[in-house]
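Quick notes on the structure that follows.
Protein chains: 2
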Amino acid sequence: MKVDEIVVNSSSHSYRIMIGNGIRSQISTFVTKAYSSIFIVTDEHIADLYLSDIQSGLTHEYVYTSILPAGEKTKCIEYYYQLQTEAIKYGLDRNSLIIALGGGVIGDLAGFVASTFMRGIDYIQVPTTILAHDSSVGGKVAINHRLGKNLIGSFYPPQAVIYDVETLQSLSEQEIRSGYAELIKEALISDELTFRAMLKTDLTSLSAEELQEHLRMGIKVKASIVEADEKESGIRKFLNLGHTLGHALEAELGYGSLTHGEAVAIGLLFSFHISESILSTHLPYDQLHEWFKKNNFPLIIQTEDIQSLMMKMKKDKKNVSKMIQMVLLQDIGEPTLRTVTDKDMERHLNSFIGKLVTK
Amino acid sequence: MKVDEIVVNSSSHSYRIMIGNGIRSQISTFVTKAYSSIFIVTDEHIADLYLSDIQSGLTHEYVYTSILPAGEKTKCIEYYYQLQTEAIKYGLDRNSLIIALGGGVIGDLAGFVASTFMRGIDYIQVPTTILAHDSSVGGKVAINHRLGKNLIGSFYPPQAVIYDVETLQSLSEQEIRSGYAELIKEALISDELTFRAMLKTDLTSLSAEELQEHLRMGIKVKASIVEADEKESGIRKFLNLGHTLGHALEAELGYGSLTHGEAVAIGLLFSFHISESILSTHLPYDQLHEWFKKNNFPLIIQTEDIQSLMMKMKKDKKNVSKMIQMVLLQDIGEPTLRTVTDKDMERHLNSFIGKLVTK
Ligand SMILES: NC(=O)c1ccc[n+]([C@@H]2O[C@H](COP(=O)([O-])OP(=O)(O)OC[C@H]3O[C@@H](n4cnc5c(N)ncnc54)[C@H](O)[C@@H]3O)[C@@H](O)[C@H]2O)c1
Ligand SMILES: NC(=O)c1ccc[n+]([C@@H]2O[C@H](COP(=O)([O-])OP(=O)(O)OC[C@H]3O[C@@H](n4cnc5c(N)ncnc54)[C@H](O)[C@@H]3O)[C@@H](O)[C@H]2O)c1
Ligand SMILES: [Zn+2]
Ligand SMILES: [Zn+2]
Numbered sequence: 001m002k003v004d005e006i007v008v009n010s011s012s013h014s015y016r017i018m019i020g021n022g023i024r025s026q027i028s029t030f031v032t033k034a035y036s037s038i039f040i041v042t043d044e045h046i047a048d049l050y051l052s053d054i055q056s057g058l059t060h061e062y063v064y065t066s067i068l069p070a071g072e073k074t075k076c077i078e079y080y081y082q083l084q085t086e087a088i089k090y091g092l093d094r095n096s097l098i099i100a101l102g103g104g105v106i107g108d109l110a111g112f113v114a115s116t117f118m119r120g121i122d123y124i125q126v127p128t129t130i131l132a133h134d135s136s137v138g139g140k141v142a143i144n145h146r147l148g149k150n151l152i153g154s155f156y157p158p159q160a161v162i163y164d165v166e167t168l169q170s171l172s173e174q175e176i177r178s179g180y181a182e183l184i185k186e187a188l189i190s191d192e193l194t195f196r197a198m199l200k201t202d203l204t205s206l207s208a209e210e211l212q213e214h215l216r217m218g219i220k221v222k223a224s225i226v227e228a229d230e231k232e233s234g235i236r237k238f239l240n241l242g243h244t245l246g247h248a249l250e251a252e253l254g255y256g257s258l259t260h261g262e263a264v265a266i267g268l269l270f271s272f273h274i275s276e277s278i279l280s281t282h283l284p285y286d287q288l289h290e291w292f293k294k295n296n297f298p299l300i301i302q303t304e305d306i307q308s309l310m311m312k313m314k315k316d317k318k319n320v321s322k323m324i325q326m327v328l329l330q331d332i333g334e335p336t337l338r339t340v341t342d343k344d345m346e347r348h349l350n351s352f353i354g355k356l357v358t359k
Numbered sequence: 360m361k362v363d364e365i366v367v368n369s370s371s372h373s374y375r376i377m378i379g380n381g382i383r384s385q386i387s388t389f390v391t392k393a394y395s396s397i398f399i400v401t402d403e404h405i406a407d408l409y410l411s412d413i414q415s416g417l418t419h420e421y422v423y424t425s426i427l428p429a430g431e432k433t434k435c436i437e438y439y440y441q442l443q444t445e446a447i448k449y450g451l452d453r454n455s456l457i458i459a460l461g462g463g464v465i466g467d468l469a470g471f472v473a474s475t476f477m478r479g480i481d482y483i484q485v486p487t488t489i490l491a492h493d494s495s496v497g498g499k500v501a502i503n504h505r506l507g508k509n510l511i512g513s514f515y516p517p518q519a520v521i522y523d524v525e526t527l528q529s530l531s532e533q534e535i536r537s538g539y540a541e542l543i544k545e546a547l548i549s550d551e552l553t554f555r556a557m558l559k560t561d562l563t564s565l566s567a568e569e570l571q572e573h574l575r576m577g578i579k580v581k582a583s584i585v586e587a588d589e590k591e592s593g594i595r596k597f598l599n600l601g602h603t604l605g606h607a608l609e610a611e612l613g614y615g616s617l618t619h620g621e622a623v624a625i626g627l628l629f630s631f632h633i634s635e636s637i638l639s640t641h642l643p644y645d646q647l648h649e650w651f652k653k654n655n656f657p658l659i660i661q662t663e664d665i666q667s668l669m670m671k672m673k674k675d676k677k678n679v680s681k682m683i684q685m686v687l688l689q690d691i692g693e694p695t696l697r698t699v700t701d702k703d704m705e706r707h708l709n710s711f712i713g714k715l716v717t718k
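From first to last, the protein sequence lines are chains A and B.
Quick note: the first sequence, position 135, residue 135 per the working numbering, numbers continuous.
Quick note: the second sequence, position 189, residue 548 per the working numbering, numbers continuous.
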């Protein structure tokens, strides 16, 4: 199978995204600079599966590793500081490299450490989840604050992304679902044909070729948007389709009880619902709902507290001057931004919850 | 008295540095964007003296304030996180502004918060110490790690610097000394004439005109260097003249027992000492030593532990691959970089300490 290469131009530098089956063993061919030392950051699940492949693939003299607990809770100020401490103790300097080996949690955390260790050193993303196709491209790195997700972070693109689809074979069903919600989102932003093709996918019998093809599509959509709008002043906001409610649900139910993608899936349906009402358009709500259902996405909102949910939607970073701003769809492939008043939002949420229950 | 304006071009944007007597009252004329809210960060000493002037000078609707304890210890992860928490609770969004009202501690801390709050919002420096002429220009923001100074941070230039020399009248003698060590450093990097003129200054009878003139010189030297080398890959390192030993002394004795500038003053003498030996040049060591002495700089190294001091010099961010790199002077106005072996460094340190004691 071939290796796909996508080049992303950021304001500070260009970097390559390599996608291929089994390419983790060639890691040293992608780490081209003569780094003084390398610090691999990963989590306990991934360490068991792929860490030794990466370690033995590297030819550098000084390679250090930190293995953190798996899960969203690791993306916090305490582990951020711990990694800084380890980096100092291992003697990392400005010519050192950090390798983020893992999903979005490791990518965001290790990337944020890289962006602020001695005011910024190089890092490479080695994503091992489908969802991390999103987090490893675009340069957003962050940790969570206890009052909200991703509230502390930077824009800091990696030096390269090395995406080995073979590592995705060990993902749980839930993680596959989580990643595919984001791929669906990218298809929705892209065009009708791509979206229709995605709906033909059966997540329980996914081939490596299909997966690589979908990841390439998702990454291309994301890359072209972040190239046009690196700092999220304009169209980059479109990538937040499904995320206003998605993030609020994650926060409301406690990070971890719903995966990111599962929350985004519900958010995507909500964006259809509210788009149809506000923009008087017609979207394939039923087809999307059915595809999510067939692929075992949990499609209920387990909270009675609409007010608290709305409070959390307001905390979203996209919001300008305390009003809820949402990405809606005029049509598939035509995202657009709208601010919604509290009163309208409450009404839409209530009717949406009702609709979810009856389907 | 006139207002000086210096424009600095950073890779992301240009910003103005305004220097004048009493200009804090015109703060609103410099805050031109329609920010959704403003968050003033300051310390307890400065709050007593100048906070109300800034607050009453701002015409914005939402103005919040955080008053932190004074001192280097405040530049830590705990206050960093506390400010993030306050910013979230006050409802700051991406269109908010942070004003850093204070010395280098507040500037570095509040600037680092601004650089990472929601992946970066605008901030303005309102320096109130002489030393902060240095910290407020160039875009370096940071907090300390317990294992070393400024190890966690970003490059993130402010939107503007508003420097009111009138606020410098309330500085203690020690703070004036501390700031002048850095001005002497900039004169040394600049040229012989500027340096000779600085040596004529008597810090106990400083006029506002003299002060403004010296700050303008220091800022111009610094600004021209950071414009040429924003990310410290080359000549920006020259600004670290006197800082390799300076930082190590601060860390060794515990931050706060020696001011930054007092430590740098000793570091500058050391750079003379070692330059004369390594580069076989002649520098006005005695004149500089005398000027420091006349102006009450503490010129002794209060540690017996040379090994520990050297360990700390190695932790310096400038060091590439575990060797100590130092800025030396070929001549006044001619800084240059050299790596020094451990053995040589130990010898130079011992002879320097001996020289300090006998003068
Ligand atoms: N920076 C961005 O632009 C961006 C975009 C989207 C999401 N994110 C972030 O990404 C995070 C979620 O990412 P995620 O879903 O990858 O979470 P994750 O990193 O926690 O990974 C999910 C789980 O899968 C395990 N895992 C990872 N790779 C595996 C593999 N190959 N085989 C078996 N198990 C494996 C992990 O140990 C973990 O338990 C969130 O924090 C989210 O905010 C960031
Ligand atoms: N970012 C950079 O490029 C850079 C450059 C140089 C120094 N720094 C940092 O700057 C810090 C030191 O700065 P500093 O010396 O300004 O320290 P500081 O901010 O602690 O101020 C020193 C003391 O003076 C008090 N003070 C401030 N303004 C006053 C005023 N107008 N009147 C009376 N008292 C006043 C403060 O409350 C404090 O007690 C260090 O942390 C150093 O690392 C950063
Ligand atoms: Zn997402
Ligand atoms: Zn300094």
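Heads up, the beta-carbon is just placed ideally off N, CA and C, and yes, glycines get one too.
> Are the C-beta atoms of Arg24/A and some chain B residue less than 8 Å apart?
Replying inline: Numbered from 1 along the first sequence, position 24 holds the residue referred to as residue 24/A. Under the Cβ criterion of 8 Å, Arg24/A is not counted among the residues facing chain B.
> Looking at the structure shown, is Arg94/A part of a helix, part of a strand, or coil, going by DSSP?
Replying inline: Mapped onto the first sequence, residue 94/A falls at position 94. If DSSP states are grouped into helix, strand and coil, Arg94/A belongs with coil.
>> Quick check: is any heavy atom of ligand 3 less than 7 Å from the C-beta of Glu182/A?
In response: The residue given as residue 182/A occupies position 182 in the first sequence. Indeed, a heavy atom of ligand 3 lies less than 7 Å from the Cβ.
>> Is His260/A near ligand 1 - that is, is its Cβ less than 7 Å away from at least one heavy atom of it?
In response: Here residue 260/A refers to the residue found at position 260 when the first sequence is read from its first residue. Closer than 7 Å to some heavy atom of ligand 1: that describes the Cβ of His260/A.
> Does the Cβ of Arg146/A have 16 or more other Cβ atoms within 10 Å, making it buried, or fewer, making it exposed?
Replying inline: As a first step, residue 146/A must be located in the first sequence, where it is residue number 146. By the neighbour-count rule (16 or more Cβ atoms within 10 Å), Arg146/A is not buried but exposed.
>> With a threshold of 8 Å between beta carbons, is Gln307/A in contact with chain B?
In response: Locating residue 307/A in the first sequence gives position 307, where the first residue counts as 1. Not one chain B Cβ lies under 8 Å of Gln307/A.
> Is Val141/A near ligand 1, in the sense that its beta carbon is under 7 Å from a heavy atom of that ligand?
Replying inline: Your numbering for residue 141/A matches position 141 in the first sequence. Correct: Val141/A has its Cβ closer than 7 Å to ligand 1.
> Who are the neighbours of Phe514/B on chain A, taking C-beta pairs under 9 Å?
Replying inline: By 1-based counting over the second sequence, the position of residue 514/B is 155. Against chain A, a Cβ distance below 9 Å from Phe514/B picks out Arg119, Gly120.
>> Which residue marks the beginning of the beta strand (DSSP E) containing Arg16/A, and which one marks its end?
In response: Translated into positions along the first sequence, residue 16/A becomes position 16. 14-20 is the extent of the beta strand (DSSP E) around Arg16/A.
> On the three-pair Cβ rule with 8 Å, is the region 274-290 of chain A touching the region 334-349 of chain A?
Replying inline: Contact holds: three or more Cβ-Cβ distances are below 8 Å.
>> Is there a C-beta anywhere in chain B that falls below 8 Å from the one on Gln84/A?
In response: Walking along the first sequence from the start, residue 84/A turns up at place 84. At a cut-off of 8 Å, the C-beta of Gln84/A has a neighbouring C-beta in chain B.
>> Taking its Cβ as the centre, do 16 or more other Cβ atoms sit within 10 Å of Ser537/B, making it buried, or is it exposed?
In response: Working through the second sequence from its first residue, we reach residue 537/B at position 178. Ser537/B should be labelled buried.
> In angstroms, rounded to a whole number, what distance separates the CA positions of Ile665/B and Ser415/B?
Replying inline: Sequence index remark: in the second sequence, residue 665/B carries index 306 (1-based). Sequence index remark: in the second sequence, residue 415/B carries index 56 (1-based). Between Ile665/B and Ser415/B, the C-alpha separation is close to 51 Å.
> Roughly how many whole angstroms lie between the Cα atoms of Gly593/B and Asp493/B?
Replying inline: Taking the first residue of the second sequence as position 1, residue 593/B is located at position 234. Taking the first residue of the second sequence as position 1, residue 493/B is located at position 134. So the two alpha carbons sit approximately 18 Å from each other.
> Could you give the distance in angstroms between the alpha-carbon of Ala197/A and the alpha-carbon of Lys315/A?
Replying inline: Along the first sequence, read from residue 1 onward, the residue named residue 197/A stands at position 197. Along the first sequence, read from residue 1 onward, the residue named residue 315/A stands at position 315. Those two C-alpha atoms are separated by around 35 Å.
> Which residues bound the alpha helix (DSSP H) around Tyr334/A?
Replying inline: Along the first sequence, read from residue 1 onward, the residue named residue 334/A stands at position 334. Before going further, note that residue 334/A is Glu rather than Tyr in the sequence given. No alpha helix (DSSP H) contains Glu334/A, which is instead part of the beta strand (DSSP E) from 334-340.
>> Please state the DSSP three-state secondary structure of Gly138/A.
In response: Start at 1 with the first residue of the first sequence, and residue 138/A comes out as number 138. In the three-state reduction of the DSSP assignment, Gly138/A falls in the coil class, being assigned neither a helical nor a strand state.
> Does the beta-carbon distance from Ser455/B to Phe514/B come in below 8 Å?
Replying inline: For the purposes of this step, residue 455/B is taken as the residue at position 96 of the second sequence. For the purposes of this step, residue 514/B is taken as the residue at position 155 of the second sequence. In this structure, Phe514/B does not lie closer than 8 Å to Ser455/B by Cβ.
> CB-CB under 8 Å to Val357/A, same chain, minus the five flanking residues each way: which ones, in chain order?
Replying inline: Sequence index remark: in the first sequence, residue 357/A carries index 357 (1-based). Answer for Val357/A: Ile300, listed in chain order.
> For Gly479/B, which of helix, strand or coil comes out of DSSP?
Replying inline: Translated into positions along the second sequence, residue 479/B becomes position 120. Gly479/B falls in the coil class under three-state DSSP.
> At a cut-off of 7 Å, is Thr487/B close to ligand 2 when judged by its beta-carbon and the heavy atoms of the ligand?
Replying inline: The count along the second sequence starts at 1 and reaches residue 487/B at position 128. Result yes, Cβ under 7 Å from ligand 2.
> Per DSSP, what kind of secondary structure is Val41/A in: helix, strand or coil?
Replying inline: Looking up residue 41/A in the first sequence gives position 41. In the three-state reduction of the DSSP assignment, Val41/A falls in the strand class, which pools E and B.
>> I'd like the list of long-range same chain contacts for Lys579/B, defined as Cβ closer than 7 Å, with 5 residues on each side in sequence excluded.
In response: Position 220 of the second sequence, counted from the start, is the residue given in the question as residue 579/B. Taken in chain order, the residues that qualify are Ile365.
> Using the rule of at least 16 other Cβ atoms within 10 Å of the residue's Cβ for burial, across every protein chain shown, is Ser495/B buried or exposed?
Replying inline: If you number the second sequence from 1, residue 495/B lands on position 136. Buried, by the Cβ-count rule.
> Apart from the five residues just before and just after Glu569/B, which ones in its own chain have a Cβ nearer than 7 Å to its Cβ?
Replying inline: Walking along the second sequence from the start, residue 569/B turns up at place 210. Hits under 7 Å: Thr560.
>> Given 7 Å as the limit, tell me if Asn21/A has its C-beta closer than that to any heavy atom belonging to ligand 2.
In response: The residue you call residue 21/A lines up with position 21 of the first sequence. Checking the Cβ of Asn21/A against ligand 2 gives no.
>> Using CA atoms only, rank isn't needed, just tell me which of Val699/B, Tyr439/B, Leu417/B is closest to Ser425/B.
In response: The count along the second sequence starts at 1 and reaches residue 425/B at position 66. In terms of CA proximity to Ser425/B, Tyr439/B leads the group Val699/B, Tyr439/B, Leu417/B.
>> In whole angstroms, give me the CA-to-CA distance for Glu334/A and Lys185/A.
In response: As a working note, residue 334/A is residue 334 in the first sequence. As a working note, residue 185/A is residue 185 in the first sequence. About 12 Å.
>> Please state whether the Cβ-Cβ distance between Thr487/B and Val464/B is less than 8 Å.
In response: Taking the second sequence and counting its residues from 1, the one referred to as residue 487/B is at position 128. Taking the second sequence and counting its residues from 1, the one referred to as residue 464/B is at position 105. No; because the gap between Cβ atoms is not below 8 Å, this pair is not in contact.
> Using a threshold of 7 Å, is the CB atom of Asp467/B nearer than that to any non-hydrogen atom of ligand 4?
Replying inline: Position 108 of the second sequence, counted from the start, is the residue given in the question as residue 467/B. For Asp467/B, the shortest separation between its Cβ and any heavy atom of ligand 4 does not lie below 7 Å.
>> Under 9 Å, CB to CB, which of the residues in the region 532-553 of chain B have a partner in chain A?
In response: Within the region 532-553 of chain B, no residue has a Cβ that lies closer than 9 Å to any Cβ of chain A.
> Considering Ser10/A, what are the terminal residues of the alpha helix (DSSP H) in which it resides?
Replying inline: As a position in the first sequence, residue 10/A is number 10, starting the count at 1. No alpha helix (DSSP H) contains Ser10/A, which DSSP labels as neither H nor E.
> Ala34/A: buried (16+ other C-beta within 10 angstroms of its C-beta) or exposed?
Replying inline: In the first sequence, residue 34/A corresponds to position 34, counting from 1. The residue in question, Ala34/A, is exposed, as its Cβ has fewer than 16 Cβ neighbours within 10 Å.
> If you draw a straight line from the C-alpha of Ala469/B to the C-alpha of Asn368/B, how long is it?
Replying inline: The count along the second sequence starts at 1 and reaches residue 469/B at position 110. The count along the second sequence starts at 1 and reaches residue 368/B at position 9. Rounded to whole angstroms, Ala469/B to Asn368/B spans 21 Å at the Cα level.
>> With DSSP as the reference, identify every bridge partner of Tyr64/A, one or two as the case may be.
In response: In the first sequence, the residue the question calls residue 64/A occupies position 64. According to DSSP, which records beta bridges pairwise, Tyr64/A is partnered with Phe39/A.
> Thinking just about the alpha-carbon of each residue, which of Glu192/A, Ser14/A, Tyr163/A is nearest to the one in Leu283/A?
Replying inline: Here the question's residue 283/A lines up with position 283 in the first sequence. When only C-alpha atoms are compared, the closest one is Glu192/A.
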